[in-house]
Each structure stands twice: as structure tokens, then as C-alpha cells.
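Asks: Pasting a structure below so you can have a look.
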Amino acid sequence: MMPTPAAPAPPRNLASATLRSVGLAGNKRKATDSEGDAKMRDATHHDKPGGRKTNSRLRSHRMNPIEQYKNTGPSSAKATAGRKAVAAAAASDSLSIRGASRVGSSLSSTRARRNAVSESPSRIPVRASVSTVAKLREFVHSRWNPEARFLNLEAMSQDPIVKKNHLTVPGVISHRNMQDAAREAAVLYKLASELKPEVQTLSLANNNLRGDHLKSLNHYLPKLENLSLVNNQLRVMRDLDHIAARKGKMVHLRELLLGGNPVRETEYQHNRGEQYRLEMARRFTTLELLDQEPIMKISFDVPEAASSSSTPVPVTKSTSFPLPMGGSFITGVDGVLINNFLMRYFPTFDNQRAGLIDVYDDASYFSYSVNATIPIRARIQGLHYKMANNKKLVWNNWFTAVEGGSRNLNRLQGGEMTHRSLHTGPQAIMETLCKLPGTRHDMASTSEKFCIDAFPVKHGTSMALMLVVHGEFTEVGPEGIRSFDRTFLLAPAADGSRAKAAGWDVAILNDQLMVRAYSSPEVWAMGPLQVQAQGPVQKPKPIPTPVLPPAQQAALDAVPELQRPMVLELCRRSGLTVSYSVECLVGNSWDLDRAWANFEAVKTTLPPDAFTAVI
């Protein structure tokens, strides 16, 4: 006889449905016990049918009108009371830095729980309790020296008050969320801002601080004069941007200590200590002492009485500058030397750049910078729309053609790129020049497109020549026109040098190129220089070019192109012939002012044939 099979177990969903029908199981709760039965609710509560518990949690949102009508949630009075309790807890804390979470070991007991199950604790904004703030304030006051106006917050984690009260201070846990760490630091900075008199000197040494810990330092202590950040974890220059005067922060800072930080030690380990100090001086413009060493300042011996800062400046209604725009300024050097150099350098630069290697000194420097912003004057005149080929120009070739790229210090903000964009020695300079886009300088066509300034300067124990060229060139390929500024520092080519052997009269010590968007050469045109006026701006009337007799014109054509404007100007002002004007300028080192003064002194002794009629 076959055994009678056991009755099959009822399905689980049937048991759950049965329990739900009598109100002993929740509709949304899943089975959790080991036997598979639905978890039963406590039937001892009789405030609701089926023994269901009343929801004891406060709602985190304002009740809808329909909920109040149905009376399905906590009463509006209870909800209002809960909100008032939260507000009272927040108001009791005088340190109202939003999101200053986990600054102490205890939380306010009156704080309402919101989304306690669904959200992680790190996302719940909490405030420091009254007791925690009091303990932190006690700690800050214990480190305060009001006579010296010195707040010593060194090695905060080792302080007895911090250890006794289990307080969390900035930098203790290196893997903490940096946003939370910045808030912890802000709590201490705000407490420090309450001290009287104001904090003048602050030490944050030996605290394992990073850049984010300094975010709010300027906000709470903007008048700080002395700051020590010794032995922390500031790794790159960007970590100091939160307190850099160059960004409008800590404008009263006079002394800064950074010893023991990677941002300093790495530079000194790579023999870049001087560059580090220069970069720090650039970022902290008011700094006088860096790591206990003075910062060298460039000053001028101007009497204090000469300062006009307190003297009111009368408002002028002039539409032009008091002095007209002059021509090229060449003094202290023979203009023929300048002409020979430029007329050889730029054609070689355009056609065979590698052939310039001999003119660069063994210790020469080269850098270039790009300014892609269209000048305001050129934008108003619409030059870039009128010149069809300029629409084809792109800047990418100038920014990326060379390793290190454009040396625009306003954009580089220090770091390795500052060093890589400065090229030293003829070989490195040639490699850089040959990678730049092709150019074509039209030096021979007209002198109006170029402006040249040349004057002697002191270079070490000897003299050198500063040569500045403003002009334009055509970029090969797109055939668009760009403007440029080129600054050379030249020295006489020494006997036996490569430059002398190659036929150069000078050697280049320093070469700096600025490439920029096109602007008209009228900005340096001789004559009145108009300023922005309220009404319509009228173009200045150009100074008429003197018309010379044929014989004089032939003599002028024999003068180098770059010297012709000066010869013409002296002819116009003095009435001298071209040959006498050239002789006068040569005798006065091509200094137009000296030549004019010399002419005024001797004009009564000159023969009649020294003068010519200018039509």
C-alpha cells in the first residue's frame, strides 16, 4: 500500500495575504525571517485599527492641504512644533557656518532626524553643538596672546584640550572629504576673527594642512600680516591661490613661512630656489619676508613731496594728448647700424631661420608670447571683417607649435611651464624659431608700417643696445596679417665670435617676440594723438609729407629707408637740404632733438645753399 503523501505547504503569498487581510502584516514589508513568514506588526497598540504603529517621525516637508484634510499624517501643530525645535537648536549655535559638519564629537539632541535611513551621514548637514563650539572657543583662547596679537594654532591635534574633548581639528585625517575639512578650518578661523584686538600673526605650522584648508582664511582674517604654514602638505603653487594677493587675497600680508612644504622643498631640490622666490614675489605682491629672507623690491628715489596721490587732478576736456605722437626714437647709436641689422635679420627670419644661429650669443635667451585678443580700436574699426584673409588665421599653431608654448605669464601662473617656455642658447632658440609658423615682413615697402626705438642701456659692467620694433607681418599660408612687437638686446660682436665671423656687427643677447591680433599702424602715426571723446571721434589730420625738388628727392632716395622719416622731419622744420639734414643728424647720433638744437645754434652761419624750398 502506497504511503499517503503529505499535504502540500500553502504558498507563501497565500500566508502573507491572509495576514494582511486581518491587519497583522504590512503591505510594503518583505519577508525577512528565516522561515519565510511575513514579519508581523505589534498588535499591542490600539491607536489604529489592526494594531499599527503611529508614525513617530517628523515629516521633513510641509504638509499638503489634502493631507491635512484627510488627517493622515502628524497634525499640523506637531509638524510646526517639530520645525520650531529644529530652528531653536540651530539658533542656539552662534557659529552659523553652513554645513560645518563633524567639527566636534557631539550633536545637538534636539535636531530632528530627516531621511535617516535613506541618506548617508556625510550628506546630512549638521551644525556644531553649543558645547562643541564652547570647547573650540576655549581651545582658541588658550592659544591667544593678545599683547603680541599672535594666535598659535600649531600642532592642534596634540593640544590637551583637543584630546580631552575628542575634538576634530583640520588636517587630522588626511583622507577626509576636503570640503568637510575646509568647513572645519572655517570654524576655527571664525572663532579667531572674534578675538580682540585683531589677529596680526597666525601660525598654522605642523597641521598636515592642504590647499583647501586655506579657502576661508582671507574671509575671516583679511588683515593678517604674518602667516606661518611650516611643515604642512601644500604641494603646488595652486594651493596658495586662496591667499595670494595677486588674486585680491591677503593684501596686508608681509611675512610668509613655507618651509617643510612640498611646494617649496621640491623647487630647492631641483636647484630652482631663485625661481621659487620670484614666483612667490609675483603671487604675493605685498610680501616683504619669505622664509625669513627679505624680498627684493624695485624702488625709485622719488621724494615724498612729489607724490600727487592727494592732489586733486582737474578734469580736462581735451580730445588729444598734450604732446603729439613722435616718430621712431633712435638715440646714442648710428642709424645705419640699426638699418643694416634689421634689413638682414628679418629677411633671414622669413626665408632661412636656421641661418640666424650665429647672431645669437652663447648665453642668449628667446621667448615669445601670444595675445589673441582683438584690440578695442581694431574691433571698432572692423579691421578683422574688412580683411578677408584674416578670417583664415588661427592661433592654435602659435600656441602648440613649440614645447612650452606661449610665455604669457598672466596665464601660466608659475610652475614648470614658466621654465619650459624660456629657451636658452643658440641651438634651443633655432629649434624654437623653426617650429613657429612662416612669416613675411615687408620691411622695404614703406616705413609707415613699422616703428623703431633704439637706445643704449647698461648691461652688467658694459653697455648694450635696446632695440624695439613694432610692426606687422603676413603669415604664410592663410596670408592674413598679424601685428607684432619685437624686443632685442644687442651687444657689439666680439672679435673672433661666431657673429663677427658671419658678418654681423652685433650679437643678440635677448630676444622677445609678442604676436598679437592685427591693429592699424596709425596708432604710432606722427601727429596729434586723439583720445576717446564724448561726441563722434574725428580722425586727426595727417601731417603733409614735404614735396622735394627732383634733385633733393634723389638724394633722399639714397638714405636708408628707416632714416628717411627723420631726414624729412628735419628738412620740414629747418628748411635744410637733404644732404645738410643727413650731416646734421649723423653729427648728433641720429637724435632729432639734438640735431634741431644744433641747427638752431648754427643756422645763422650756414651758407645759402644749405637751404632749399619745400613745396
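Throughout the sequence shown, residue numbering follows the UniProt record's numbering, covering 1 to 615 in sequence.
Just so you know, even glycine gets a beta-carbon here, dropped at the ideal spot from N, CA and C.
Bear in mind the structure is a predicted one, so any value in this text is a computation, not a measurement.
Can you tell me which of the three DSSP states E67 falls into?
Replies: Any answer about E67 is weak, because its pLDDT of 45 lies below 50 and its placement is not dependable; what the coordinates show is given next. E67 falls in the helix class under three-state DSSP.
Asks: If the criterion is Cβ atoms closer than 8 Å, does the pair residue 632 and P478 meet it?
Replies: Only positions 1 to 615 of the chain appear in this structure, which leaves residue 632 out of reach.
Asks: Is G260 near E267, with beta carbons less than 8 Å apart?
Replies: Going by C-beta atoms, G260 is not nearer than 8 Å to E267.
Asks: In whole angstroms, give me the CA-to-CA distance for S203 and L151.
Replies: Their backbone Cα atoms lie some 7 Å apart in a straight line.
Asks: Buried or exposed: which applies to M443, given that a residue is buried once 16 or more other Cβ atoms fall within 10 Å of its Cβ?
Replies: Burial call: buried.
Asks: For E472, I'd like the list of residues in its chain whose CB is within less than 6 Å of its CB, leaving aside the five on either flank, ordered along the chain.
Replies: Result list for E472: K449, I481, S483, in chain order.
Asks: May I ask which residues mark the beginning and end of the beta strand (DSSP E) holding M463?
Replies: Element bounds for M463: 462-475.
Asks: Assign E255 to one of three DSSP states: helix, strand, or coil.
Replies: Correct three-state label for E255: strand.
Asks: Could you tell me the alpha carbon to alpha carbon distance between S369 and C451, rounded to whole angstroms?
Replies: So the two alpha carbons sit approximately 19 Å from each other.
Asks: Mark R235 as exposed unless 16 or more other C-beta atoms lie within 10 angstroms of its C-beta, in which case mark it buried.
Replies: So R235 counts as exposed.
Asks: Assuming F571 contacts S581 (C-beta within less than 8 Å), just tell me the rounded distance between them.
Replies: According to the sequence displayed, residue 571 carries Cys and not Phe. Correct: roughly 5 Å between the Cβ atoms.
Asks: Name the residue from L490, R379, L224 whose alpha carbon lies nearest to the alpha carbon of E255.
Replies: It is L224 whose Cα lies nearest to the Cα of E255.
Asks: For V140, does the count of other Cβ atoms within 10 angstroms reach 16, so buried, or fall short, so exposed?
Replies: With 16 or more other Cβ atoms within 10 Å, it is buried.
Asks: Just to confirm, is the Cβ distance from R564 to L556 under 8 Å?
Replies: Going by C-beta atoms, R564 is nearer than 8 Å to L556.
Asks: Taking 8 Å as the CB-CB limit, is R272 close to chain B?
Replies: In the displayed structure, chain B is absent; only one protein chain is listed.
Asks: From L422 to V333, what distance separates their C-alpha atoms?
Replies: The alpha-carbon atoms of L422 and V333 are separated by roughly 29 Å.
Asks: Whole angstroms are fine: how far does the CA of S328 sit from the CA of A363?
Replies: For A363 and S328, the distance between alpha carbons rounds to 29 Å.
Asks: Quick check: what's the CA-CA separation for S406 versus P550?
Replies: C-alpha separation (whole angstroms): 49 Å.
Asks: When burial is assigned at 16 or more other CB atoms within 10 Å of the CB, is K196 buried or exposed?
Replies: Exposed is the call here.
Asks: Bridge partners for M325 per DSSP, in chain order?
Replies: In the DSSP output, where bridge partners are listed per residue, M325 has G527.
Asks: Around the Cβ of S574, are there at least 16 other Cβ atoms within 10 angstroms (buried) or fewer (exposed)?
Replies: Buried: at least 16 other Cβ atoms inside 10 Å.
Asks: Taking just the CA atoms, how far does I295 sit from V302?
Replies: With a pLDDT of 48 at V302, under the threshold of 50, the modelled position of this residue cannot be trusted, and the question is left open.
Asks: Excluding the 5 residues flanking K215 on each side, which residues of the same chain have their C-beta closer than 7 Å to its C-beta?
Replies: Hits under 7 Å: A182, H242.
Asks: Out of L433, V586, G248, which has the shortest C-alpha to C-alpha gap to N351?
Replies: The candidate whose alpha carbon is nearest that of N351 is L433.
Asks: Thinking C-alpha only, which one of E279, G496, Q427 is nearest R238?
Replies: Nearest C-alpha to R238: E279.
Asks: Determine the direct distance from the alpha carbon of R516 to that of N396, and round the result to whole angstroms.
Replies: About 13 Å.
Asks: Do L323 and S520 have their beta-carbon atoms positioned less than 8 Å apart in this structure?
Replies: The answer is no: Cβ separation not under 8 Å.
Asks: Go ahead and pull the three-state DSSP assignment for S581.
Replies: Helix, per DSSP.
Asks: Is it right to say K190 is buried, meaning 16 or more other beta carbons lie within 10 angstroms of its own, or is it exposed?
Replies: Flag for K190 reads buried.
Asks: Can you grab the Cα-Cα spacing for the pair P492 / N232, in whole Å?
Replies: Near 51 Å, if we compare the C-alpha coordinates of N232 and P492.
Asks: Note the first and the last residue of the continuous beta strand (DSSP E) segment covering F455.
Replies: Here the beta strand (DSSP E) through F455 covers 451-459.
Asks: What's the C-alpha gap between D453 and H470?
Replies: Spanning the two alpha carbons is a distance of roughly 9 Å.
Asks: Can you say whether I508 is buried or exposed, counting buried as having 16 or more other CB atoms within 10 angstroms of its CB?
Replies: Burial call: buried.
Asks: Report the three-state DSSP secondary structure of W395 (helix, strand or coil).
Replies: Three-state result, W395: coil.
Asks: Around the Cβ of R123, are there at least 16 other Cβ atoms within 10 angstroms (buried) or fewer (exposed)?
Replies: For R123, the predicted structure reports a pLDDT of 36, less than 50, and the residue's modelled location is therefore unreliable. A value from the coordinates is still provided. Exposed: under 16 other Cβ atoms inside 10 Å.
Asks: Looking at C-alpha atoms only, which residue of D291, Q512, S131, L342 is the closest neighbour of N165?
Replies: Ranking the options by Cα distance to N165, first place goes to S131.
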